[in-house]
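Counting in this note's numbering, the sequence shown runs from 6 upward without gaps.
For glycine and all other residues, C-beta sits at the position ideal for the given N, C-alpha and C.
Structure record follows, encoded as structure tokens.
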Amino acid sequence: MKLAVVGSINMDMTVTAERIPLKGETLRGDSLSYIPGGKGANQAVAMAKLGADVEMFGCVGDDENGRKLIANMNLVGVKTDHIQVLKDVPTGIAMITVGDNDNTIVVVPGANGKVDGNYVDSIKEELKSFDMVVLQHEIPLETVHYLVNFCAENKIPVVLNPAPAAEVPMDIIEKVTYVTPNEHEAVLIFGNDLSTEELLKKYPEKLVITQGSRGVSTCLKSGEILTVPARPAKVVDTTGAGDTLNGAFSVKIAGGADMKTALTYANTAASLSTEKFGAQTGMPTSCEVEKEL
């Protein structure tokens, strides 16, 4: 089972404080850390830590951050042979404030903005060898849609995590195998004419809606709404929890697990990730998840 992630690779500049500042307010921070991140890289690292054979595809700058990020992925077993290193373009940066068991994030795309059609064309033949492709919204949306169309034509299953929130054409929704928005993202994509239950029933075992502390929901092919409750956690940092869930879900579902098994595993992994600081540094191993289950 081989998994490909095409997406963002960022250096997270993380500040901790007592709480997140209000608009126009200045607070004294407690600490500043530089931690590997980016939704794409996070999901790839989550998969690798859970024992998957995974390769990361994307772009970084020819700078110290880029070199550190590639080295970090290699350290946990993520293959990086097809990451493009670009001159005169900085590696992506995410500025994160962590406080009061929550966070705010501002992303500066940098090299992630160069993951374009030309780059996809250069990796197409390689992607055909993978059992699943995982995508997010931190690279240009037209690239995401181009990849979905390519994967559909070549019958490669796709997990689309539509974050950060953006509109997604309905033909793209039809072509992906799984789509995993949170509640806010689901409203932006599908509107609010249908209730959550009605929406889930419209896309059985395709649409998976994450609901934070209330767990994660989908509709089984039988028509039953499945909600897997969140595991109670001693929260330290929620950064990367959604990426951990998506990575763990992708690993299990690509391996042939049913939806309940995959979502229970993913929810447990995501909860464990919040009990440590940092996105990738907090992600659990397969042993840690299995022990908790």
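Quick one: what does DSSP say residue i is sitting in, helix, strand or coil?
| i | result |
| --- | --- |
| N77 | helix |
| G104 | strand |
| G66 | strand |
| S278 | helix |
| A99 | strand |
| G42 | strand |
| N187 | strand |
| E83 | Checking the sequence, you will find Val at residue 83 rather than Glu. The answer is coil: DSSP assigns V83 none of H, G, I, E or B. |
| E295 | helix |
| K28 | coil |
| V240 | coil |
| I144 | coil |
| I230 | strand |
| D126 | helix |
| V14 | Residue 14 is actually Ile in this sequence, not Val. If DSSP states are grouped into helix, strand and coil, I14 belongs with coil. |
| V50 | helix |
| K119 | helix |
| I110 | strand |
| E23 | coil |
Is residue i near residue j, with beta carbons less than 8 Å apart?
| i | j | result |
| --- | --- | --- |
| L165 | V181 | yes |
| I230 | E202 | yes |
| P169 | H142 | yes |
| M52 | V256 | yes |
| T223 | L193 | no |
| I25 | T244 | no |
Tell me, to the nearest whole angstrom, how far the beta carbon of residue i is from that of residue j; I am working on the premise that it is less than 8 Å.
| i | j | result |
| --- | --- | --- |
| P95 | G118 | The pair is not a contact, with the Cβ atoms about 10 Å apart (cut-off 8 Å). |
| N15 | I88 | Contact flag wrong, Cβ pair sits at about 13 Å. |
| V10 | V149 | At roughly 12 Å, the Cβ-Cβ gap does not stay under 8 Å, so V10 and V149 are not in contact. |
| V103 | T31 | The pair is not a contact, with the Cβ atoms about 17 Å apart (cut-off 8 Å). |
| A253 | A275 | 7 Å |
| T273 | E297 | 5 Å |
| Q285 | N47 | 6 Å |
On the criterion of 16 or more Cβ atoms from any shown chain inside 10 Å, does residue i qualify as buried, or is it exposed?
| i | result |
| --- | --- |
| V111 | exposed |
| L37 | exposed |
| S354 | In the structure as shown, the chain begins at 6 and stops at 298. Residue 354 is therefore absent and cannot be evaluated. |
| E60 | buried |
| N108 | buried |
| P41 | buried |
| Y39 | exposed |
| S13 | buried |
| D93 | exposed |
Verify the contact flag: residue i, CB atom, against every heavy atom of the ligand NAD, threshold strictly below 7 Å.
| i | result |
| --- | --- |
| L132 | No copy of the ligand NAD appears in this structure; indeed no ligand is present at all. |
(message) Suppose only complete runs of 4+ residues qualify. What are the alpha helix (DSSP H) ranges in the stretch 162-213, listed by chain order?
(response) 175-180, 188-195 and 201-207
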